[in-house]
Amino acid sequence: MVISSILTCSINELNLRYSLTNGQAFRWRSNPEKSKWTGVIGKLVFSLQQDDIGNLLYTVHNPDNLDIKDSDQILEDYFQLKTSLTELYKEWSEMDEVIAKVIPKYPGVRTLRIDPVENLFTFICSSNNNIGRITQMVNNLCIKFGSKLTTVDDVDYFSFPEIEILSGKNVANTLRELNFGYRAKYIQKAAEVLLKEGGSDWLFGLRKQEYSEAKSKLLKIPGVGPKVSDCICLMSLDKTESLPVDTHVFQLVSKYYIPKLRNKKVNINVGLYKEIGDHMRKTWGKHAGWAQTVMFTSDLKNFQTAEESDGKKVTKEDKTEEEDEPKIKKQKRS
DNA sequence: GGGCCACCTTTTTC
DNA sequence: AGAAAAAGGTGGC
Numbered sequence: 001m002v003i004s005s006i007l008t009c010s011i012n013e014l015n016l017r018y019s020l021t022n023g024q025a026f027r028w029r030s031n032p033e034k035s036k037w038t039g040v041i042g043k044l045v046f047s048l049q050q051d052d053i054g055n056l057l058y059t060v061h062n063p064d065n066l067d068i069k070d071s072d073q074i075l076e077d078y079f080q081l082k083t084s085l086t087e088l089y090k091e092w093s094e095m096d097e098v099i100a101k102v103i104p105k106y107p108g109v110r111t112l113r114i115d116p117v118e119n120l121f122t123f124i125c126s127s128n129n130n131i132g133r134i135t136q137m138v139n140n141l142c143i144k145f146g147s148k149l150t151t152v153d154d155v156d157y158f159s160f161p162e163i164e165i166l167s168g169k170n171v172a173n174t175l176r177e178l179n180f181g182y183r184a185k186y187i188q189k190a191a192e193v194l195l196k197e198g199g200s201d202w203l204f205g206l207r208k209q210e211y212s213e214a215k216s217k218l219l220k221i222p223g224v225g226p227k228v229s230d231c232i233c234l235m236s237l238d239k240t241e242s243l244p245v246d247t248h249v250f251q252l253v254s255k256y257y258i259p260k261l262r263n264k265k266v267n268i269n270v271g272l273y274k275e276i277g278d279h280m281r282k283t284w285g286k287h288a289g290w291a292q293t294v295m296f297t298s299d300l301k302n303f304q305t306a307e308e309s310d311g312k313k314v315t316k317e318d319k320t321e322e323e324d325e326p327k328i329k330k331q332k333r334s
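Here the first sequence is numbered in full-length UniProt numbering, starting from 1 and rising by one per residue.
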């Protein structure tokens, strides 16, 4: 038993490939044509497609007693479809000529509304890391500590692990063996601290609080610094003004917005981090974080044309993103 | 209190 | 080909 439905949408409001593979969510898998995406939202396994005008055709593979109204609602919520991206693109274009040049080439790049628990542990994995490897780590995390939901096209899909399970004493060791590196102990300790604070309910509760308050509370969690905290605020806690400053954003900002930073070897300290965020909030307004998502996406090499990439080559890592086959650890030959 | 630097591992760059 | 730097940073000194 599956259920299927159509959600009214358009290609300017949503581009699945951009929005699902630009480093917000890490668990979507596409068919070779990149026309159909399968992944997990909560405990449900969805397949998503768009018709030629952009309407969202979807299937839920393990609906149990789910009503179509509910599944519609889940997708509207996940993609935040109530917010008009067309309207935002227009506003940003009027405010800033830099973004005005970029966004026509990147329609439909939406900021997602991801489960905060999943987002927290995923972005703890993201430090000093690349999208290809983060994807692999998160998938391993779910396979190891999540529970199997269903199988689609011979691929098993798993729920995101419960906090209680991730707090287990052996988790850090197991994750070390799975090549999580120094992030292994952060994950286990973050789960412990999170449980002490009040678990999932506490995290979801941050949606009702001010940006600054939510952000500083997240900083109590091991492995969560200013940047990861902002990612959780932006992609899970409805803080549209939250603006994660990473290496990409720093490059973009120094190149186009704050010339004094150009060509300088600066490491981002607390003051500079805030300066950059404030500057871009002034430039882009209340949804500055959403604008940042678009700019970040335009800066990813695997989305750029040869001309845009400006010398940057499309690399193996980018291809990894595009591949269907799970990456198998290379074995040494004798 | 702020500026360094180590941290795991893989990929990319030079 | 092989070393070095970078990859959506953070914590500790």
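For each residue, glycine too, the CB sits at the ideal point set by N, CA and C.
Buried versus exposed call for residue i [16 or more other C-beta atoms within 10 Å across all chains shown]
i: I6; result: exposed
i: P244; result: buried
i: T8; result: exposed
i: E118; result: buried
i: E241; result: buried
i: M1; result: exposed
i: G198; result: exposed
i: D230; result: buried
i: K265; result: exposed
i: G277; result: buried
i: Y157; result: buried
i: I68; result: exposed
i: residue 337; result: The first residue shown for the chain is 1 and the last is 334, placing residue 337 beyond what the model contains.
i: I103; result: buried
i: N15; result: buried
i: I99; result: buried
Where residue i falls: helix, strand or coil (DSSP)
i: Y58; result: strand
i: W28; result: coil
i: K36; result: strand
i: S229; result: helix
i: K148; result: strand
i: S167; result: coil
i: Y256; result: helix
i: I11; result: coil
i: L120; result: helix
i: F250; result: helix
i: I134; result: helix
Cα-Cα separation, residue i to residue j
i: E33; j: N140; result: 25 Å
i: D201; j: K208; result: 12 Å
i: Q73; j: R262; result: 45 Å
i: K312; j: K301; result: Bear in mind that a pLDDT of 45 at K312, under 50, signals an unreliable position, so the number given afterwards is only what the model happens to contain. So the two alpha carbons sit approximately 7 Å from each other.
i: T122; j: N31; result: 23 Å
i: W290; j: D115; result: 17 Å
i: F204; j: Q50; result: 30 Å
i: Q80; j: P226; result: 24 Å
i: S93; j: S159; result: 39 Å
i: L175; j: K101; result: 43 Å
i: L178; j: P222; result: 20 Å
i: L76; j: Q24; result: The sequence as given places Glu at residue 76; Leu does not occur at that position. Distance between the alpha carbons of E76 and Q24 is about 17 Å.
i: G285; j: L194; result: 32 Å
i: G181; j: P161; result: 19 Å
Of the residues the options, the one placed nearest residue i, counting alpha carbons only
i: N12; options: L88, L178 and S71; result: L88
i: Q292; options: K265, N179 and T247; result: T247
i: D299; options: I68, Q251, S93 and K217; result: Q251
i: G42; options: N62, L56, G54 and V152; result: N62
i: Y257; options: K90, M95 and V45; result: M95
i: T59; options: D52, L112 and G39; result: G39
i: S127; options: E97, W37 and R183; result: R183
i: L151; options: G23, S47 and N22; result: For clarity, residue 151 is Thr in the given sequence; the question names Leu instead. Closest by alpha carbon: S47.
i: M235; options: L14, S19, I3 and S10; result: S19
i: N55; options: G23, S10, L66 and N65; result: S10
i: P259; options: R27, N269, Y186 and H279; result: H279
i: I268; options: P161, V249, L44 and V155; result: V249
i: I124; options: K274, V253 and F26; result: F26
i: E91; options: H287, T297, F296 and F303; result: H287
Check: residue i C-beta below 7 Å from any heavy atom of the ligand GDP
i: R262; result: This structure lacks the ligand GDP; in fact it carries no ligand of any kind.
Checklist entry - Do the stretch 162–170 and the stretch 129–138 make contact, defined as three or more Cβ pairs closer than 8 Å? => result With the cut-off at 8 Å, the stretch 162–170 and the stretch 129–138 do not touch.
Next on the checklist: Using a Cβ distance threshold of 8 Å, determine whether the stretch 100–108 contacts the stretch 142–160, with at least three qualifying pairs required.
Outcome noted: Result no; under three Cβ-Cβ pairs closer than 8 Å.
Checklist entry - Counting Cβ pairs, one atom from each stretch, are 3 or more of them under 8 Å apart for the stretch 78–97 and the stretch 176–193? => result They do not touch, by the three-pair rule.
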